Amino acid sequence: MFRYIIRRVLLMIPTLLAISLLVFTIIELPPGDYIESYIAQLEAQGEAANPELLDFLREQYGFDKPAYERYFNWVVGMVQGDFGFSFEYHLPVSEVVGDRLFLTILISVATIIFTWLIAFPIAIYSATHQYSWGDHGLTLLGLLGLATPNFLLALILLYFANVVFGTSIGGLMDPEYLNQPWSVDKAISVLEHLWVPVVVVGTAGTAGLIRRLRANLLDELQKHYVVAARAKGLPQGRLLVKYPLRVAINFLVSDIGHILPHIISGSELVAIVLSLPTTGPILISALQSQDMYLAGSFLMFLSTLTVVGVLISDLALTALDPRIRLERGAES
Amino acid sequence: MFRPLKKNFTLIARYGNQLKKAVWIPLLEPPKATVPNLLKIRNLKVDFQIHGGVVHAVQDFSFDVRPGKIVALVGESGSGKSVTAQAIMGLLPAKARIAAGEMLFFDPETPEKPPIDLAQLRPESNAMRAIRGARIAMIFQDAMACFSQLHTIGDQVSEALFLHRDVSKKEGWELTEVMLGLVGFLNPAKAMHLYPFELSGGLRQRAMIAMALVCRPSLVIADESTTALDVSIQAQILKLIKDLREELNLSVLMITHDLGVVANVADEVVVVYQGHVMESGTVEDIFNAPRHPYLKALLNAVPQFDMKDKQRLIPVSTIQHSIGPLITGREPWPETENEDAPMLLVGDLNKSFVSRKGSFFGAGDATVVHAVRDVNFTVNRGECFGLIGESGSGKSTVSRCIMRALSPDTGQIIFNDRGSLVDMAKLDDAGLVPYRRKIQMVFQEPFSSLNPRMTIFDVIREPLIIHKVGNDETQKEIVKELMMAVGLDPRFLNRYPHSFSGGQAQRIGIARALALKPDLLVFDEPVSSLDVSIQAQVLNLLRDLQDELELTYLFISHNLAVVDYVADHIAVMCRGRLVEMASHDALFREPVHPYTRALMPAVPFADLNRRLDFSALMDGRMSDPRAWPKPFTVTDESSPEYVQVGDSHFVLASSEEEGAVLVR
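Protein sequences, first through last, are from chains A and B.
Each residue of the first sequence is one higher than the last, beginning at 190 in my numbering.
Each residue of the second sequence is one higher than the last, beginning at 310 in my numbering.
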């Protein structure tokens, strides 16, 4: 086990290096750099740029150096915990992102739990009552959830949250708590606001998950070992939990690696509509203004999350599934 | 390999002392009370609700199961025998319901209470669940599929015990160990923590029997529980069931279509056909004086070893086929070439597979499995060459190498194409294309080898399209002739595979294999999944086609009697090695190799005068090359050779001098 984990963690290094190279290349691809888009921005506002300041900035951030050198500095910096400097915010990247990172993770985890809480019972019901009215109805509901655009749902829910519960529009907390240290009231305010984005981001995922879980369960319910378990006199409920669900969980676990980045990046549009203080909107504006260290670090963060997610799901699967763990250790 | 049952008594004694008496007595000692009848089925009727009507799967079944008896319910697929088992267990599919009749269960554990009518209980009611798994249990056909691969053997075998009996975790676990020991596990404590895929097929079957018996049921239903097994393992399992019956005072309802199994283990027989009981009685009555024509026909459809060379099987219903001009007329042999030269020569064939055997979470080292080792044989033109061996012996790998679905590691596969010899093992993909036409294959599973989304016409025509034979019009004609050649009506051509029965689907597979006018046909277990009566039809068809179309067959099967019926020469494979090769008379009447000699006594005959001698069973020891006595011993150092012991009779043995001893 230990050797396996070490091996997998070591394998992450070349993977992440390759990703960083890709990220850097993509960011470098559009013509110009941040200074040029900064000049363009100033000129658009009718102001003239101070050439000395620009030269100073160029030198400061190494835009005059060749690309490979900048790449090298960026990667070395990241390893040391220095994610570079955001031109747009005039702050170190870690400070810009760090604040929002926690809220992003909060929303994501809450969304995953929400998705599973809703999807599991529905999928189990649908699979055990295949082609019943309940199954058809829930399927329809799920498809509606899948088909409704997230931002539309977000607007509708915001409206009702405001009218019914008096929650303030937008954000993840009431405005008076912004930039305040954490307190019980602030946490309560966050929880009051949290459910809207969780429901919005969660619905689409839920529908998909229900469909996949239902199909998986239906497959498993056909299997002979389910009949064999019934022949032992096992009650339906216990049987379902012990055998088919146990198998279906493997499939969920193998999904973790993909769920994490999907939820984090998929919630960006919603985050803008709801003006959530998460990382999504920052990434988009950083990409637009070629704020390369911010964008680059953010993309690296997403990638690392994916790689770690895949590692976690692989390790969990290995622990959960004896077929993987004991691969062909057959005794004759 | 397995502990004989006598020693199991010591095992029980050893474990028994550690168990609480209260648990011990009801669970391992047979109930004292005897009831005249255990299960009394009267006028059972089961209906299936399907699209557009009702199917009466079981129309009128009445029979009894008496305590301590093995009752065989015999019939082919669709006769209603499995539905009956499901009805007794309360495991009928949602579309089925018991329309009439009663199934009275007299529980010997509670002889004072009135019998329970199983037909009246709702399948998911507590009363039914208390019986299912505890008083009546079931052994299924495919042990691999009947175990969850994610739970240990111990977990699954002990499950019913914890469900039905008031035992502590420790007691239950110990009882499960005892039961595993009883069914023949050498190291039950270790087996408890293994997963099903870590066991061999025979042990998995034993574990499944333990799973059914762990609560000490009075009645066990065995649904085709030995059908999928190799002869030697089948014989071991049958022996086990017989022994357990005596030891645990068990009644067994055995559902099977194999009359050989019935003759060897059953006390009473119930023959069913299309939802009706045809005949029932003791096994002696049934076999010595079969009255009903269906039963007589069934007995005639089973291949026997002592059949005359030209004697044919008599199927329950025969099929008529006709050969058209388009599929006959193979390219003639040039006059200068020797027509008697072998068609196929396989020389020193080797094939190994590399698998990563992981130690616990470790990266694991690659292990090499030698599926085929130094296999040599020749197939003469126009003959049927049989290849027998148990699963895992490498016989299918050989066939796939010949088809070049696999590439052999070393060795030659020389195909004689009208005098020009081609080594198939050396050809690349492009070079193989012309020879693909000459060698065709028929598979074991008729349905999974036919694409369910293609009509039969498309299925049979596909080879013609791939090899660009004829135009649209001639292709249509050829397909029609092929259908008639296998005795199917060409009007069925626009149907899809699912609308055919297993035997018909297999004939479609044969028609497809004949489409390109091949010279050599490879059959991999072509009749293993078919009922006896259908099997006879297909075997007769294969014989006829071979004569009419001048075909050469390579016929692979684990069913010795079937191979004996169709094959001229037979080779026996074990653990990747070809151990003996002879004409079919010589092989079965004068076997030389210890493995071959161990095979024959394990074949169950549908004949009461030739019952299996269970005490003489070799317990599978003869499958291990290291256990073969001299001069047959094969070790890593020795290099055995083929020694001729008779006219075209070869056996694998170490050296010439010692081999000479073999000739009798």
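No residue lacks a Cβ here, since even glycine has one placed at the ideal position from N, Cα and C.
Note that the coordinates shown come from a computational prediction; the quantities given were computed from them, not determined experimentally.
Taking CB atoms only, ASP451(B) has a neighbour in chain A less than 8 Å away.
In this structure, THR304(A) lies near THR395(A), with their beta-carbon atoms less than 8 Å apart.
In the structure shown, ALA544(B) adopts helical secondary structure according to DSSP, grouped into three states. Shortest Cα-Cα distance from PRO624(B) to any of ARG690(B), GLN844(B), MET453(B) involves GLN844(B). Across the set ILE296(A), SER372(A), GLY422(A), ILE302(A), the C-alpha of ILE296(A) shows the shortest separation from the C-alpha of LEU361(A). Considering only beta carbons, the part of the segment 422–436 of chain A lying closer than 7 Å to chain B consists of GLY422, LEU423, PRO424, GLN425, TYR432, ARG435, VAL436, in chain order. CA-CA distance, PRO240(A) to SER283(A), rounds to 29 Å. Flagged as an interface residue toward chain B: HIS413(A), by a C-beta distance shorter than 8 Å. With at least 16 other beta carbons inside 10 angstroms of its own, ARG525(B) counts as buried. Residue nearest to THR392(A) within the set LEU407(A), LEU327(A), ASN351(A) is LEU327(A) (criterion: CA-CA distance). Counting along the chain, ILE358(A) sits inside no alpha helix (DSSP H), nor does DSSP assign it H or E at all. Within the segment 471–536 of chain B, the runs of beta strand (DSSP E) at least 3 residues long that lie entirely inside it are, in chain order, 528–532. Within the segment 195–214 of chain A, ARG196 place their CB atoms closer than 9 Å to a CB of chain B, listed in sequence order. Secondary structure note for ASP373(B): its beta strand (DSSP E) is the uninterrupted segment 362–374.
Neighbourhood of ALA439(B) in chain A, by CB distance below 9 Å: GLY422, in chain order. Identification of residues in the segment 368–401 of chain B having a C-beta nearer than 7 Å to some C-beta of chain A yields MET398, LEU400, given in sequence order.
The DSSP-derived three-state label of GLU889(B) is strand. At least 8 Å separates the beta-carbon of ILE379(B) from that of VAL540(B). In the displayed model, LYS354(B) falls within a strand according to three-state DSSP. Against chain B, a Cβ distance below 9 Å from ASP271(A) picks out nothing, because the smallest value is about 35 Å.
Going by DSSP, ALA880(B) is part of the beta strand (DSSP E) stretching over 878–883. Here HIS807(B) carries a helix assignment [DSSP, helix/strand/coil]. The residue from VAL466(B), VAL579(B), GLN368(B) with its alpha-carbon nearest to that of GLY481(B) is VAL466(B). Here SER474(A) is not near PHE272(A), since their CB atoms are 8 Å or more apart. Spatial neighbours of VAL871(B) in its own chain (CB-CB distance under 8 Å, excluding positions within 5 residues in sequence) are listed in chain order as PRO612, VAL836, GLN844, LEU848.
Every alpha helix (DSSP H) of 4 residues or more that sits fully in the segment 423–495 of chain A is shown, in chain order, as 425–431, 433–442, 445–455, 457–462, 468–477. Following the DSSP letters along the chain, one finds GLU409(A) inside the alpha helix (DSSP H) bounded by residues 373–410. Taking C-beta atoms under 8 Å as the contact rule, ALA500(B) and PHE506(B) fail to qualify, at a distance of about 13 Å. With respect to the 8 Å criterion, CYS710(B) and LEU773(B) are not classified as neighbours on the basis of their beta carbons. Residue-level contact by beta carbon fails for TYR951(B) and chain A, as no gap is shorter than 8 Å.
The C-beta of PRO511(A) comes closer than 8 Å to at least one C-beta of chain B. PHE357(B) is outside the set of residues whose beta carbon lies under 8 Å from a beta carbon in chain A. Its Cα nearest to that of LYS548(B), the residue VAL492(B) stands out among GLU577(B), VAL492(B), HIS502(B).
Taken in chain order, the complete alpha helix (DSSP H) segments of 4 residues or longer contained in the segment 670–736 of chain B are 704–711. In this structure, DSSP gives PRO743(B) a helical state, which the three-state scheme calls helix. Nearest to ILE440(B) by alpha-carbon distance, out of ALA408(B), LEU400(B), PHE456(B), is LEU400(B).
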